[in-house]
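K.L.:
There are 2 protein chains.
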Amino acid sequence: MPAMPTPPGRKPRKAAPSRRPLTQDGIVAAAVRVLDAEGLDGVTMRRVAQELDTGPASLYAHVSGKDELNELMLDRVAAEVRLPEPDPERWQEQVKEVAREVRRVWQAHADIARVSLAMVPTGANLLRIAEFQLAVMSAGGVPPAAAALAVDSLGMYVDAESVERAMYGTKLGEGASPEEQLHTFISGIRDYYKALPQDRFPHIVAMVDELTAGGGDERFEFGLDILVRGIASHARP
Amino acid sequence: MPAMPTPPGRKPRKAAPSRRPLTQDGIVAAAVRVLDAEGLDGVTMRRVAQELDTGPASLYAHVSGKDELNELMLDRVAAEVRLPEPDPERWQEQVKEVAREVRRVWQAHADIARVSLAMVPTGANLLRIAEFQLAVMSAGGVPPAAAALAVDSLGMYVDAESVERAMYGTKLGEGASPEEQLHTFISGIRDYYKALPQDRFPHIVAMVDELTAGGGDERFEFGLDILVRGIASHARP
DNA sequence: TCGTGATAACGAACGTTGTTCTAAGCTAGG
DNA sequence: CCTAGCTTAGAACAACGTTCGTTATCACGA
């Protein structure tokens, strides 16, 4: 198709290029909107681009790829985590408070914990949280080596628990309410465990109620309690 | 090319239909072979089918889809976990032994821990491990509710640690040895943390060595110690 | 005021992925 | 020996992340 003059009376190409220019921040904000509405698997380059009325190729000028977009989303969401005023006297309770707060924020944004589990924290908002925990533990008498590894273990625990919890909502249909979903899922598991052969799995069958008990908060709280007790056993008095 | 009569003296279609029929077990075994050689992301329907000299569609007669194949792979691999003879006197040490053993097996099979993290255990070999841990903790005096939640927390910790560990190997190039990969990765993180602004992240910068210390085994052992100490604090004496 | 060059935007396309469709082949039962 | 039902498998579908090459835009020096 050789060069052709544009037909008379035809606009240059597209009607209104009133498109405000793309920015990395705008892209990440759009991605988080999609995340909240459709889950992490719903955050595709195409879907984010669509949210911005453009094509997927346009995003690559501001973001190196999907991985970087994931990390930027996580760090943006991590900004919502509120940290208390450090109080060395209450360091154990404060460590728990921060863990609960991170879990709350992760669960407010669908699957995002999956991203946190699969990366080393480098963003400013994530490091801000780690810094707080290191500070409060150090002030509380936990030796540096123990505090460092404790931050790691705590983060892993919060992430893994949030991932499992989020899974219940996505594996089931999106129809019912979150509590309904959780209950349906748990009942299925309970029935399966109850039907197990008692001679091979006596404890599982006997403890089926304990294994499937707790709305999720109880379970989390218990694991948190275990971790903090273990950490405290390494602190000097 | 319309229907043509087969030339005389020619075998029906393919030279030797010595193709032994597909079985679920054979498919899972092939999938695990691919997993070990190329990682979890390398386990695609096409790749597994290729390993069996067939097409991807043929697998769906024996396996409902990718998710089920993942779970079957995990359970097959879980059969390699060896459990000690239960000894209530040493329950804390035995819980740790099993956790170490599971981690060893997970890490012997690339990314497989990712699957474990994303599902509720239902396979016979996975339940066998949970049954053992419940039994030994119960015999050791841990109350049922605590034991049930402890199994959950322990499993999550082992899975999450294995996933993180496996990630170091896959994010970097596949060229160097595992230790080399780990070292390269850790040094990158250390340099980044060292370059952080000291006024905003004083503890991170000060503890950079502790945060990046431990070949991985130390870190895991420490987290395990924390968890078991916490669990033990719930046991009756 | 007019080019002009760097950069952003984007339509189209490539190579993969999981999965389904549909037709052909094989095997067991009458 | 023939037919019913299951297995096999080639082809195709929709969706994914990413890249290519071209077009449009805008700040700035002549």
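Protein chains in written order, with my numbering: chain A, 1 to 237; chain B, 238 to 474. Idealized CB from N, CA, C, for every residue including glycine. Because the structure is a prediction, the values reported are computed rather than measured.
(1) Are the Cβ atoms of M207/A and L464/B separated by less than 8 Å?
(2) Thinking C-beta only, is Q92/A closer than 8 Å to V63/A?
(3) What does S187/A touch in chain B if you count any residue whose Cβ is under 9 Å from its own?
(4) Taking the alpha carbon of G26/A as the point to measure from, which residue in G216/A, G123/A, V48/A, F132/A has its own alpha carbon closest?
(5) How about T291/B and L320/B: are their beta carbons less than 8 Å apart?
(6) So, does the CB of L371/B fall closer than 8 Å to a CB anywhere in chain A?
(7) Check whether the segment 453-464 of chain B and the segment 209-222 of chain A touch, using three or more Cβ-Cβ pairs below 8 Å as the test.
(8) Cβ of V163/A within 8 Å of Cβ of L354/B?
(9) Run down chain A in chain order and give the residues with a C-beta less than 7 Å from the C-beta of L363/B.
(10) Could you have a look at V489/B and say whether DSSP puts it in helix, strand or coil?
(11) Among A57/A, R76/A, T212/A, which has the Cα closest to the Cα of I186/A?
(12) At the 8 Å Cβ level, is E398/B part of the contact set with chain A, yes or no?
(13) Under the rule that 16 or more other beta-carbon atoms within 10 Å means buried, what is A37/A, buried or exposed?
(14) Apply the 10 Å Cβ neighbour rule to Y157/A and answer buried if 16 or more other Cβ atoms are within range, or exposed otherwise.
(15) Does the contact criterion of 3 or more C-beta pairs under 8 Å hold for the segment 102-112 of chain A versus the segment 68-85 of chain A?
(16) If we require 4 or more residues per run, which alpha helix (DSSP H) segments fall completely within the segment 72-143 of chain A?
(17) May I ask you to list, following chain order, the residues of the segment 303-336 of chain B that have a beta carbon less than 8 Å from some beta carbon of chain A?
(18) Could you tell me whether any Cβ in chain A is nearer than 8 Å to the Cβ of A347/B?
(19) Counting only beta-carbon atoms, is D290/B nearer than 8 Å to chain A?
(20) I believe N362/B touches D312/B by the beta-carbon criterion, under 8 Å. Please report the beta-carbon distance rounded to the nearest angstrom.
(21) Anything in chain A within Cβ reach of P381/B, meaning under 7 Å, just list it in chain order.
(22) Throw me the rounded Cβ distance for the G467/B and R229/A pair, which I believe falls under 8 Å.
(23) For A376/B, which residues in the same chain have their Cβ closer than 6 Å to its Cβ, ignoring the five residues on either side in sequence?
(24) Chain A beta carbons: is any one of them nearer than 8 Å to that of D235/B?
(25) Closest Cβ-Cβ distance between V285/B and chain A: below 8 Å?
(26) What is the DSSP secondary structure of D435/B, counted as helix, strand or coil?
(27) Using 10 angstroms around the beta-carbon of Q94/A, count the other beta-carbons present and answer buried if the total reaches 16, otherwise exposed.
(28) With H, G and I counted as helix, E and B as strand and the rest as coil, what does DSSP make of G223/A?
(29) Using the three-state DSSP reduction, which class does V280/B fall into: helix, strand or coil?
(30) What three-state label does DSSP hand P21/A in the structure shown?
(31) For a test of the three-state rule: what should DSSP assign to S390/B, helix, strand or coil?
(32) If you measure beta-carbon to beta-carbon, which residues of the segment 111-122 of chain A are closer than 9 Å to chain B?
(33) Using the C-alpha atoms, what's the distance from M137/A back to A232/A?
(34) Give the DSSP-derived three-state secondary structure of R236/A in the structure shown.
(35) Who are the Cβ neighbours of N307/B in its own chain at under 6 Å, not counting the five residues just before and after it?
P.N.:
Looking at the coordinates:
(1) no
(2) no
(3) The contacting residues do not exist; S187/A stays about 12 Å from chain B at best.
(4) V48/A
(5) Not a contact, by the Cβ cut-off of 8 Å.
(6) yes
(7) Because the criterion of three Cβ pairs below 8 Å is not met, the segment 453-464 of chain B and the segment 209-222 of chain A do not touch.
(8) yes
(9) Those do not exist, as L363/B stays about 11 Å from chain A at its closest Cβ, beyond 7 Å.
(10) Residue 489/B falls outside the range modelled here, since chain B spans only 238 to 474, and no answer is possible.
(11) T212/A
(12) yes
(13) exposed
(14) buried
(15) yes
(16) 91-107, 113-117, 124-139
(17) none
(18) no
(19) no
(20) 5 Å
(21) M207, E210
(22) For G467/B against R229/A, the beta-carbon gap comes to about 4 Å, under 8 Å, which counts as contact.
(23) Cβ-Cβ distances below 6 Å link A376/B to P325 in the same chain, with the five nearest sequence neighbours on each side left out; the list follows chain order.
(24) Residue 235/B lies beyond the residue range present for chain B, which begins at 238 and ends at 474; the question has no answer from this structure.
(25) no
(26) With the sequence shown as reference, residue 435/B is identified as Gln, and Asp is not the correct amino acid for it. Collapsing the DSSP output to three states places Q435/B in coil.
(27) buried
(28) helix
(29) coil
(30) coil
(31) helix
(32) R114, L117, A118, M119, V120, T122
(33) 9 Å
(34) Reduced to three states, the DSSP call for R236/A is coil.
(35) V352
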